[in-house]
Each structure stands twice: as structure tokens, then as C-alpha cells.
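See below for the structure under consideration.
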Amino acid sequence: MTGIRRAAAPAALALVLALPVAAAGTASATSSTTPSVASPTAASPGVGVQLALPRPTGPHAVGLSLLRLVDADRPDPWVPAAGPRQLMVSVYYPARPGTGEPAQYMTPEEARLLLQRQAPGAGIPPQAVSDTRTWARTDARPAPGHFPLVLLSPGYTMPRSTLTSLAEDLASRGYVVALVNHTYQDSGTTFPDGQTLTCGTFCDRLPEGWPQVNQIRATDMSFVIDQLTEHHSPWRYAHMIDPQRIGMAGHSVGGSAAASAMAADQRVRAGVDMDGTFDILIPATGLDHRPFLLLGTQSGHAPGIDPAWDRSWANLDGWKRWLTVSGTDHISFTDLTVLASETNTPIPGATLPGQRAAELTRAYVAAFFDLQLKGIPQPLLDGPSPANPEVTFQHP
1 MTGIRRAAAP
11 AALALVLALP
21 VAAAGTASAT
31 SSTTPSVASP
41 TAASPGVGVQ
51 LALPRPTGPH
61 AVGLSLLRLV
71 DADRPDPWVP
81 AAGPRQLMVS
91 VYYPARPGTG
101 EPAQYMTPEE
111 ARLLLQRQAP
121 GAGIPPQAVS
131 DTRTWARTDA
141 RPAPGHFPLV
151 LLSPGYTMPR
161 STLTSLAEDL
171 ASRGYVVALV
181 NHTYQDSGTT
191 FPDGQTLTCG
201 TFCDRLPEGW
211 PQVNQIRATD
221 MSFVIDQLTE
231 HHSPWRYAHM
241 IDPQRIGMAG
251 HSVGGSAAAS
261 AMAADQRVRA
271 GVDMDGTFDI
281 LIPATGLDHR
291 PFLLLGTQSG
301 HAPGIDPAWD
311 RSWANLDGWK
321 RWLTVSGTDH
331 ISFTDLTVLA
341 SETNTPIPGA
351 TLPGQRAAEL
361 TRAYVAAFFD
371 LQLKGIPQPL
381 LDGPSPANPE
391 VTFQHP
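In the UniProt record's numbering, the protein residues as written are 1 to 396.
Written out as C-alpha cells, the structure is:
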């Protein structure tokens, strides 16, 4: 994740959102109707279509709980004067169909701050972004059973909402998914009291460098695991979680942090890095034979391009795969690629349609966790597939 890579998302998002889109009411998560898509050339101010995430592919309906977690034993490492470290976590889970209320993509204030940082002057109503169509339902009744836990960490400056599509899909396939915001590391996160905390100048400067970001995120994730698996968990459906089956995936610096979390916490049994350089290399001693998946762009993370991937790959001592996807850009592993596709807006450096990029990301990440946390054989991970010619299995 070079400096160029870190700066790729804002420019692309500005193009994605530089089209007028009208907000619309959120449809039922059980509806079989595919949201319509209009050509951006036909759009005019105040007229357009509702943005929508792709339908989850698993058999379960999806529930959502929003949690504010406070680590009373740790001052906030970025803003110590703010008091104890607090995190907002979106917990997605397999749910009973027809229960709960439609879930919001993000708050209007979060959308406003995202647009202000990533697409200033585009003239997009924040409500149009916050009303992006999702499939989860807030506080839906849980499905019976015990499920693996997967933690998700977004890219730097990016709200956790930008990994919603992946979170919803994993939950529909039988996972509890904790999508974590890392406070003061994104454009803005709204807490239950209505306060929205931003990254401020931290989004533009990192005085302690990227390794500190990884370490803080790893500590955040260990705290979230504690909160979700302890006997008196603040999440009322914590009984759904199988604490012996925990994995983590992340995009950009969140993917690097997945490796840092595994190195620091033995409870994280499997990890996925989606196009993030290793700001802290995989230890020379490995990860105690735990499995790891590298999933990146062909242009940025084929062997020999990112030395951190080359060195970390050599240190991985368990099951491992190195996959690259042709035609993708750094943000192709996030919801932003879908929003671009919905508006027929090109992403610089990406030729793969957004819906296809999302399909491949969700398929390979889910296959990895199905194999490693559920023990279900996954031929998709055995080698190249004629159905997915965009995906290359690298063998450095």
C-alpha cells in the first residue's frame, strides 16, 4: 500500500459520486426485486435511482446490531484527552426472515463527511449516499445455531460502511460478522449520542507511521473479541458465536492489520488481506501454522511489485494462497466499486465491472473462511477456475 495506493480511493470516489442521485425509501430486505439502474447520462439534479448493494448469496436472512464498545482500560491512543477508547461496531448475523427493520447504510452526517473528504464540490446530497439500499434488518431475530465470528477492518480514512456488502454476504452464509470502525481513523463515525467523531488531521498525517496504525487496530480487534465472547457480553445475541472459530479480513491497512492481529492474538485462527501492504511484516517465525489469504490487484500485488508481500509470503508457515484479480483497482474490493457500477462511472485503473469485482471478492473470501473455519472443502481455492479467468493463482 504505497503512497499512491493510499491516495487512490479519494480520486475514484469523486468520480463515483460526481453524478446526481435521488434518495429513495429503503425496500424490504426480503424483496426479490432488483433495484433498477438508470444511465447517468439521463440523470439530472434531484432525479435518479437509489444506489444499492448486491444481494447476499447465502441462504440466511441478515440481521444487524449496532454496538458502542468502550475500553475502560485503554485511553484513546490518538486523542488521549477524549478518554477511554470507544468503538462503533456493526454486528451482522444470520437472522430469521421477516423480522427487524430495514438497516441504514450510514448516517447522513457520516455521508456528508465522506463526501466532504473524498468528493468535495461534487454537489451530491448526503442522503443519497446514506440511503444506499442494504439487505440487513436492524435487530432481526437471530437464526438458531452457533456460527464462526469474522472481524472486518476497513481501509484508512474509509468508514466501516464501505465493507457492508462483504459483511452482509458472509452473514447470509452463516457467519457472525463484526464490522469495526477504528475511531479517529476514518472520515467520520456517528455514535449513539449523536456525536460524530472524525479523523481530523490524522487522515492527512501519521506522525508515528503506519506500523502504529496496525498495532492499534490489532488491539482494537482483541478488545472486540473480548466483548463479543465474554460471559456478560454487551451484545444480546453473543450466544450465537462459536469462540473457537474466529477469523479476520480487512481492506488496505485493514488487511495488513489482520496479520498483526493474528500475530498478537492466538484466537484469530485465519486471516485475509485485501490489497493492503504489510506495514508490519509477517514475523519470520510465521503465524503458528495458521492460514492466510492474500487477495490483491494484478497491477499492484503480483509477485515482485510489493516487496512487503514477497517477504511476508515467504514467512507464512501455514495454508496460504496468493491471488490477484486482473482489471481491478485498490477500491475494487469495497462497496465503492459497486456504487461506480450502478452509475456507469469508470474507476481509474479498473476495467472489471464493479458487480463482478464484488462477486469475486465475496466468493473467494467466503470460500476461504468456509474452508478454514467450517472445514468445508473448497475446490475454488485449489487452483485456477475457467469460470473466473480474472483470478490468477500466484506461485512466487
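Glycine is no exception: its CB is placed at the ideal position from the N, C-alpha and C atoms.
From a predicted model like this one, the values you see are computed outputs, not experimental measurements.
| Alpha carbon to alpha carbon, what distance is there between A136 and A178? | Walking along the sequence shown from the start, residue 178 turns up at place 178. Walking along the sequence shown from the start, residue 136 turns up at place 136. Rounded to the nearest angstrom, the two C-alpha atoms are 14 Å apart.
| Would I376 be called buried (16 or more neighbouring beta carbons within 10 Å of its own) or exposed? | On the sequence shown, residue 376 is found 376 positions in, with the first residue counted as 1. Under this definition I376 is an exposed residue.
| message | Here's a check: name, in chain order, each residue in its chain whose Cβ is nearer than 6 Å to the Cβ of G58, leaving out the five neighbours to either side. | response | Within the sequence shown, the letter at position 58 stands for residue 58. Cβ within range, chain order: S172, R173.
| task | Give me whichever residues DSSP pairs with M274 in a beta bridge. | result | By 1-based counting over the sequence shown, the position of residue 274 is 274. As a beta-bridge residue in DSSP terms, M274 pairs with H251, L295.
| query | Given a threshold of 16 other Cβ atoms within 10 Å of its Cβ, counted over all protein chains shown, does T361 qualify as buried or as exposed? | reply | Walking along the sequence shown from the start, residue 361 turns up at place 361. T361 comes out buried.
| query | Are D310 and T277 closer than 7 Å when you measure CB to CB? | reply | In the sequence shown, counting from the first residue as 1, residue 310 sits at position 310. In the sequence shown, counting from the first residue as 1, residue 277 sits at position 277. It is not a contact, given that the beta carbons lie outside the stated cut-off.
| query | Beta-carbon separation of L69 and V91 under 7 Å? | reply | Here the question's residue 69 lines up with position 69 in the sequence shown. Here the question's residue 91 lines up with position 91 in the sequence shown. For L69 and V91, no; Cβs fall outside 7 Å.
| said: Please classify F292 as buried or exposed, where buried requires at least 16 neighbouring CB atoms within 10 angstroms. | reply: Here the question's residue 292 lines up with position 292 in the sequence shown. The residue is buried, with at least 16 neighbouring Cβ atoms inside 10 Å.
| Limits of the alpha helix (DSSP H) - the one that M221 falls within | The residue labelled residue 221 in the question sits at position 221 within the sequence shown. Counting along the chain, the alpha helix (DSSP H) containing M221 begins and ends at 210-229.
| task | List the endpoints of the continuous alpha helix (DSSP H) containing P108. | result | In the sequence shown, residue 108 corresponds to position 108, counting from 1. P108 -> alpha helix (DSSP H) spans 108-118.
| said: What ranges does the beta strand (DSSP E) occupy inside the region 303-376, keeping only unbroken runs of at least 3 residues that lie completely in it? | reply: You should have 320-325.
| Local conformation of G25 per DSSP, three classes | Counting from one through the sequence shown, the residue named residue 25 turns up at place 25. Here the model assigns G25 a pLDDT of 32, short of 50, so the residue's position is not dependable, and the following value carries that caveat. In this structure, DSSP gives G25 a state outside helix and strand, which the three-state scheme calls coil.
| task | Return the residue from the list F147, G271, S187, L51 that minimises the CA-CA distance to H289. | result | Taking the sequence shown and counting its residues from 1, one reaches residue 289 at position 289. Out of F147, G271, S187, L51, G271 has the C-alpha closest to the C-alpha of H289.
| By how many angstroms is the C-alpha of T198 removed from the C-alpha of A82? | Numbered from 1 along the sequence shown, position 82 holds the residue referred to as residue 82. Numbered from 1 along the sequence shown, position 198 holds the residue referred to as residue 198. Taking C-alpha positions only, A82 is separated from T198 by approximately 12 Å.
| field | Residue span of the beta strand (DSSP E) that contains Q86, given as start and end | value | In the sequence shown, counting from the first residue as 1, residue 86 sits at position 86. Counting along the chain, the beta strand (DSSP E) containing Q86 begins and ends at 84-95.
| message | Once DSSP output is grouped into helix, strand and coil, what is the label at T127? | response | Against the sequence shown, residue 127 aligns to sequence position 127. Residue 127 is actually Gln in this sequence, not Thr. Three-state result, Q127: helix.
| query | Is the beta carbon of A143 sitting closer than 7 Å to the one on P102? | reply | The residue labelled residue 143 in the question sits at position 143 within the sequence shown. The residue labelled residue 102 in the question sits at position 102 within the sequence shown. Judged by their CB atoms, A143 and P102 are not nearer to each other than the 7 Å cut-off.
| In angstroms, rounded to a whole number, what distance separates the CA positions of V391 and P384? | Stepping through the sequence shown from its first residue, residue 391 is reached at position 391. Stepping through the sequence shown from its first residue, residue 384 is reached at position 384. For V391 and P384, the distance between alpha carbons rounds to 7 Å.
| field | Distance, D370 Cα to Q378 Cα | value | Counted from its first residue, the sequence shown places residue 378 at position 378. Counted from its first residue, the sequence shown places residue 370 at position 370. Cα-Cα distance, rounded: 8 Å.
| For P379, which of helix, strand or coil comes out of DSSP? | Locating residue 379 in the sequence shown gives position 379, counting from the first residue. In the structure shown, P379 adopts helical secondary structure according to DSSP, grouped into three states.
| query | Under 7 Å, do D279 and N214 count as touching if we go by C-beta distance? | reply | Residue numbering aside, residue 279 sits at position 279 when the sequence shown is read from its first letter. Residue numbering aside, residue 214 sits at position 214 when the sequence shown is read from its first letter. Yes. Within cutoff.
| said: Nearest by alpha-carbon distance to F393: which of A350, S341, W322, E342 is it? | reply: If you number the sequence shown from 1, residue 393 lands on position 393. Each of A350, S341, W322, E342 was checked against the Cα of F393, and the nearest Cα belongs to W322.
| Are the region 184-195 and the region 108-117 touching by the rule of at least three beta carbon pairs closer than 8 Å? | With the cut-off at 8 Å, the region 184-195 and the region 108-117 touch.
| said: I need the straight-line Cα distance from A363 to V338, nearest angstrom please. | reply: The count along the sequence shown starts at 1 and reaches residue 363 at position 363. The count along the sequence shown starts at 1 and reaches residue 338 at position 338. Rounded to whole angstroms, the gap between the alpha carbons of A363 and V338 is 15 Å.
| said: Just verifying my parser: in three-state terms, what is the DSSP assignment at T132? | reply: As a first step, residue 132 must be located in the sequence shown, where it is residue number 132. Coil.
| query | Over what stretch of residues does the beta strand (DSSP E) that includes S65 continue unbroken? | reply | As a working note, residue 65 is residue 65 in the sequence shown. That run of the beta strand (DSSP E) goes 61-75.
| task | Whole angstroms is fine: what's the gap from S299's alpha carbon to P346's? | result | Reading the sequence shown from its first residue, position 299 is the one you call residue 299. Reading the sequence shown from its first residue, position 346 is the one you call residue 346. In this structure, the alpha-carbon of S299 lies about 17 Å from that of P346.
| query | Does the distance from the C-beta atom of H146 to that of D226 stay below 7 Å? | reply | By one-based count along the sequence shown, residue 146 stands at place 146. By one-based count along the sequence shown, residue 226 stands at place 226. Taking a C-beta distance under 7 Å as the contact criterion, H146 and D226 do not qualify as a contact pair.
| From which residue to which residue does the alpha helix (DSSP H) around A170 run? | Position 170 of the sequence shown, counting from 1, holds the residue named residue 170. According to the sequence displayed, residue 170 carries Leu and not Ala. Run containing L170: 164-172, per the alpha helix (DSSP H) assignment.
| request: Reducing DSSP to helix, strand and coil, say where S260 ends up. | output: Numbered from its first residue, the sequence shown carries residue 260 at position 260. Annotated three-state conformation of S260 is helix, per DSSP.
| query | Would P389 be called buried (16 or more neighbouring beta carbons within 10 Å of its own) or exposed? | reply | Position 389 of the sequence shown, counted from the start, is the residue given in the question as residue 389. The residue is exposed, with fewer than 16 neighbouring Cβ atoms inside 10 Å.
| Under a three-way DSSP split, which group does E390 fall into? | Your numbering for residue 390 matches position 390 in the sequence shown. In the structure shown, E390 adopts coil according to DSSP, grouped into three states.
| query | Are the beta-carbon atoms belonging to D317 and G286 less than 7 Å from one another? | reply | Stepping through the sequence shown from its first residue, residue 317 is reached at position 317. Stepping through the sequence shown from its first residue, residue 286 is reached at position 286. Between D317 and G286, the C-beta gap is smaller than 7 Å, which places the two residues in contact.
| What residues in its chain sit with their C-beta under 8 Å from that of H60, if we drop five residues either side in the sequence? | Here residue 60 corresponds to residue number 60 of the sequence shown, with the count starting at 1. For H60, where only same-chain residues beyond five positions count, the Cβ hits under 8 Å are P94, A95, A143, A171, S172, R173, G174.
| Pick from V253, R236, T164, E230 that is closest to V203, judged by C-alpha positions | For this step, residue 203 is matched to residue 203 along the sequence shown. Note that residue 203 corresponds to Cys in the displayed sequence, not to Val. For the options V253, R236, T164, E230, the alpha carbon positioned closest to that of C203 is the one of V253.
| field | Other residues of its chain near A358: CB distance less than 7 Å, five sequence neighbours each side excluded | value | Looking up residue 358 in the sequence shown gives position 358. Cβ neighbours of A358 beyond the five flanking positions: P54, S165, T337, V338.
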